[in-house]
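Trainee: One structure coming up, written as structure tokens, with questions to follow.
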Amino acid sequence: MIEAQVLTTPIGPLALLAREGVLVAAGFTEAPDEMFARLSPGLRSEGLTLTADLGHPARAVRDYLDGDLAALDSVALEQPGTPTRQRLLTALREVPPGATISYAELAERAGLPRTAARAAGGACAQNLIAPFVPCHRILPSTGGFGGYYYGTPVKRWLLTHEKAIAGE
Numbered sequence: 011m012i013e014a015q016v017l018t019t020p021i022g023p024l025a026l027l028a029r030e031g032v033l034v035a036a037g038f039t040e041a042p043d044e045m046f047a048r049l050s051p052g053l054r055s056e057g058l059t060l061t062a063d064l065g066h067p068a069r070a071v072r073d074y075l076d077g078d079l080a081a082l083d084s085v086a087l088e089q090p091g092t093p094t095r096q097r098l099l100t101a102l103r104e105v106p107p108g109a110t111i112s113y114a115e116l117a118e119r120a121g122l123p124r125t126a127a128r129a130a131g132g133a134c135a136q137n138l139i140a141p142f143v144p145c146h147r148i149l150p151s152t153g154g155f156g157g158y159y160y161g162t163p164v165k166r167w168l169l170t171h172e173k174a175i176a177g178e
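My numbering puts the sequence shown at residues 11 to 178.
Shown next, in the form of structure tokens:
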């Protein structure tokens with residue numbers, strides 16, 4: 011069974027979905043079923059139930075919001091993808107809070123040529139576990155914030171939050 015909890019955050023509700031203590035989805039929505047619909051058919055076949063407290067993932071979000079920017083890194087997570095996608099997702103988790111890099115840089119950090127920026131963008135677009143896999147830290151080399159599944163105001167808030175604390 012997939013368990014879901016919705017947390018209140020300064021930038022809106024954050025739905026967390028976990029299976030046996032491992033985060034399988036997270037996103038800025040008040041409707042866990044929206045995140046559930048993005049999961050693989052195999053996970054969806056397990057069903058979805060709401061819980062009052064997911065434990066460690068929920069505490070990690072609260073700690074992150076309270077200023078412990080490394081808190082999200084301690085949460086076990088799993089999402090599908092090819093070996094290339096998995097390398098990109100791993101490289102995303104290694105971008106430090108408060109820092110930003112370009113899609114080309116992300117590709118390079120994943121061991122791909124800088125020309126694989128499109129693949130890096132695809133990995134960000136299909137990321138199921140925001141902000142734990144921090145695709146908000148990736149910006150276009152042409153400037154600006156670029157896109158973000160949950161909207162650029164959320165992306166801007168996350169970056170501002172991290173930079174304010176990391177810059178202390």
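A virtual CB, placed ideally from N, CA and C, is assigned to each residue, including glycine.
Just so you know, these numbers come straight off a predicted model, no measurement behind them.
#1: Taking contact to mean at least 3 C-beta pairs separated by less than 8 angstroms, is the segment 59-79 in contact with the segment 110-120?
#2: Taking GLN89 as the reference, give the member of LEU60, GLY52 and THR61 with the closest Cα.
#3: Whose C-alpha, out of GLU104, MET11 and THR125, is nearest the C-alpha of ARG54?
#4: Taking Cβ positions only, does GLN89 come closer than 8 angstroms to chain D?
#5: To the nearest angstrom, how far is it from the Cα of ALA8 to the Cα of GLU104?
#6: Three or more C-beta pairs closer than 8 angstroms, one from the segment 43-50 and one from the segment 59-69: is that the case here?
#7: From the DSSP secondary-structure annotation, give me the bridge partner or partners of SER50.
#8: With GLN136 as the anchor, note down where its beta strand (DSSP E) starts and where it stops.
#9: Helix, strand or coil for SER84 per DSSP?
#10: Does DSSP put ALA41 in a helix, in a strand, or in coil?
#11: With DSSP as the reference, please indicate the residues paired to GLN15 in a beta bridge.
#12: Distance check for LEU58 and GLU44, CA to CA, integer angstroms please.
#13: Over what stretch of residues does the beta strand (DSSP E) that includes LEU58 continue unbroken?
#14: Answer with buried or exposed for ALA174, where buried requires no fewer than 16 other C-beta atoms within 10 angstroms of its C-beta.
#15: Measuring alpha carbon to alpha carbon, tell me which of LEU99, PHE155, PRO144 and ALA36 ends up nearest ALA14.
Mentor: Taking the coordinates as given:
#1: no
#2: Position 79 of the sequence shown, counting from 1, holds the residue named residue 89. Residue GLY52 holds the alpha-carbon nearest to the alpha-carbon of GLN89 among LEU60, GLY52 and THR61.
#3: Within the sequence shown, numbered from 1, the residue matching residue 54 stands at position 44. Comparing Cα positions, the closest option is MET11.
#4: Absent from the structure is chain D; it holds one protein chain and no more.
#5: Outside the shown range of the chain, which is 11 to 178, sits residue 8, and nothing can be said about it.
#6: no
#7: Locating residue 50 in the sequence shown gives position 40, counting from the first residue. BP columns for SER50 are empty, so no partner.
#8: Translated into positions along the sequence shown, residue 136 becomes position 126. Careful: GLN136 lies outside any beta strand (DSSP E) and carries neither H nor E.
#9: Taking the first residue of the sequence shown as position 1, residue 84 is located at position 74. If DSSP states are grouped into helix, strand and coil, SER84 belongs with the helices.
#10: Within the sequence shown, the letter at position 31 stands for residue 41. Note: ALA41 maps to coil in three-state DSSP.
#11: As a working mapping, residue 15 is identified with position 5 in the sequence shown. BP columns for GLN15 point to LEU26.
#12: Looking up residue 44 in the sequence shown gives position 34. Looking up residue 58 in the sequence shown gives position 48. So the two alpha carbons sit approximately 11 angstroms from each other.
#13: As a first step, residue 58 is located in the sequence shown; it is residue number 48 there, counting from the start. Note, LEU58: beta strand (DSSP E), 58-60.
#14: In the sequence shown, residue 174 corresponds to position 164, counting from 1. The C-beta of ALA174 has fewer than 16 other C-beta atoms within 10 Å across all chains shown, which makes the residue exposed.
#15: Here the question's residue 14 lines up with position 4 in the sequence shown. When only C-alpha atoms are compared, the closest one is ALA36.
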